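Everything below concerns the one structure shown next.
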Amino acid sequence: MSEKLKGHLVMLVTVIIFGLNIPVTKSLMPEWVSSYGVTLLRMGFACIAFWLVSLFLPKEKVSGKDMLIMVLGGLFGMVFNQMAFIVGLDMTSSIDAGIIATVTPLLVMLLSAIFLKEPISLKKAGGVALGASGALLIILSGMHSGHSGNSSFWGNLLCFFSSLSYAIYLIFTRSIIQKYSPVTLMKWMFLYAALMSLPFGLSDVIHAKAFTAVSGFSVWWRVIYFTLFATFITYFLIPVALKRIRPTTVSMYNYVQPLVASIAAMSIGQDSLTWEKPVAAVLIFVGVYLVTVSKSRADVEKARMEEEKNGKKM
1 MSEKLKGHLV MLVTVIIFGL NIPVTKSLMP EWVSSYGVTL LRMGFACIAF WLVSLFLPKE
61 KVSGKDMLIM VLGGLFGMVF NQMAFIVGLD MTSSIDAGII ATVTPLLVML LSAIFLKEPI
121 SLKKAGGVAL GASGALLIIL SGMHSGHSGN SSFWGNLLCF FSSLSYAIYL IFTRSIIQKY
181 SPVTLMKWMF LYAALMSLPF GLSDVIHAKA FTAVSGFSVW WRVIYFTLFA TFITYFLIPV
241 ALKRIRPTTV SMYNYVQPLV ASIAAMSIGQ DSLTWEKPVA AVLIFVGVYL VTVSKSRADV
301 EKARMEEEKN GKKM
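Once you know that position 18 of the sequence shown is 18 in UniProt numbering, the rest is easy, because the numbers rise by one and skip nothing.
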């Protein structure tokens, strides 16, 4: 199995977990725990888990410059990304939140062009457009299913800010992701994220109904899911994928999340198979394929060097 294929498989597992996490987390808010409480629980649990795992692994020394990047990574990739999305999801509808999440690859592509000098080829732009079309098709089809959502301007704005924060995180942590193990990266980033989340969510966690005698297994398995699976495991896997595939390609997997949510809904009888589902699936995966096979900056530079080399020989 090639390293690139491993990266794609890792991201596929990650987005499946993330996709299932949206209805799981929303079902807990605000009755069992507030959005700020959910954020702190995720940051705190992941921090403790990554530090415990690090005790059994070789120690890695982090330079001062890289530590600053980790602080910013915790801020943009965890605090801003997760808190903005969870608070926004609590304020708006799942449909609106899903639509806004599809802008992440566009933001990553633009930021990559500005900061990483990645070329925006016609193939890459077409892949992003196809992926966005598939995601929008499958999300908008839910508007006719009879379910209603409470759309909110501020909730939508927070979800957009979450996408922007995640795009920034993918871009500027690329340099340190190649230097350190996922555990080293995550233990420091989540430490800073947990400390920054503490003032916002501590009181809500202490008074959360989820931790009282009236809660039961149905509440606890959802708490375990969004802390263990949708935070610790997923954030462990993302750096693994980024070592093998480009940030733009990683961000394209956001388009798979609506597909995962749809399949989950059908499996429990909340939705039925309509023509939009397979069409959207084809659009999503073709979009991912086009972005994957498009040339990166390294590919372009390599081709240019080969042309220059061949020209000199002539």
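All C-beta atoms, glycine included, are put in the ideal place defined by N, C-alpha and C. Model, not experiment: these values are computed from the prediction.
| Asked | Found |
| --- | --- |
| Nearest-angstrom Cα separation, counted from threonine 249 out to tryptophan 221 | 32 Å |
| Collapsed DSSP secondary structure at lysine 243 in the structure displayed | coil |
| Residue 345 versus lysine 123: straight-line alpha-carbon distance, rounded | Since the first and last residues shown for the chain are 1 and 314, residue 345 lies out of range. |
| CA-to-CA distance, threonine 102 to glycine 261, given in whole angstroms | Position check: residue 261 holds alanine in this sequence, whereas glycine was assumed. Their Cα atoms are separated by approximately 14 Å. |
| Beta-carbon proximity of valine 291 to methionine 252, cut-off 8 Å | yes |
| Contact under 8 Å by Cβ, alanine 113 with tyrosine 255 | no |
| Buried or exposed by the 16-neighbour rule on C-beta atoms within 10 Å, applied to threonine 14 | buried |
| Assigned exposure category for valine 282 - 16 Cβ within 10 Å defines buried | exposed |
| Spatial distance of isoleucine 22 from methionine 266 (CA atoms) | 15 Å |
| Integer-rounded CB distance, given that methionine 91 should sit under 8 Å from serine 197 | About 18 Å separates the two Cβ atoms, so there is no contact after all. |
| CA-to-CA distance, valine 223 to serine 35, given in whole angstroms | 12 Å |
| Beta-carbon gap between tryptophan 188 and valine 62 smaller than 8 Å | yes |
| Per-residue DSSP class, three states only, for glutamate 3 | helix |
| Reference residue 324; option with closest CA among Ser218, Thr184, Tyr192, Ser294 | Here the chain has residues from 1 to 314 only, and residue 324 is not among them. |
| CA-to-CA distance, glutamine 178 to histidine 147, given in whole angstroms | In this prediction, histidine 147 has a pLDDT of 45, which is less than 50 and means its spatial position is unreliable; what the coordinates show is noted afterwards. So the two alpha carbons sit approximately 44 Å from each other. |
| Cα-Cα separation, isoleucine 233 to leucine 130 | 29 Å |
| Sequence-distant residues of its chain with Cβ nearer than 8 Å to threonine 39 (five each side left out) | Val79, Gln82, Met83, Ile86, Val87, Ser197, Phe200, Gly201 |
| Distance between beta carbons of phenylalanine 190 and cysteine 47, contact taken as under 8 Å | 4 Å |
| Where lysine 117 falls: helix, strand or coil (DSSP) | coil |
| Any 3 or more C-beta pairs closer than 8 Å across the stretch 5 to 19 and the stretch 235 to 249 | yes |
| Own chain residues within Cβ distance below 7 Å of proline 105, not counting five before or after | Val128, Gly131, Thr248, Ser251, Met252, Asn254 |
| Exposure label - phenylalanine 50; buried when at least 16 CB within 10 Å | buried |
| Helix, strand or coil at valine 214 according to DSSP, with G and I counted as helix | coil |
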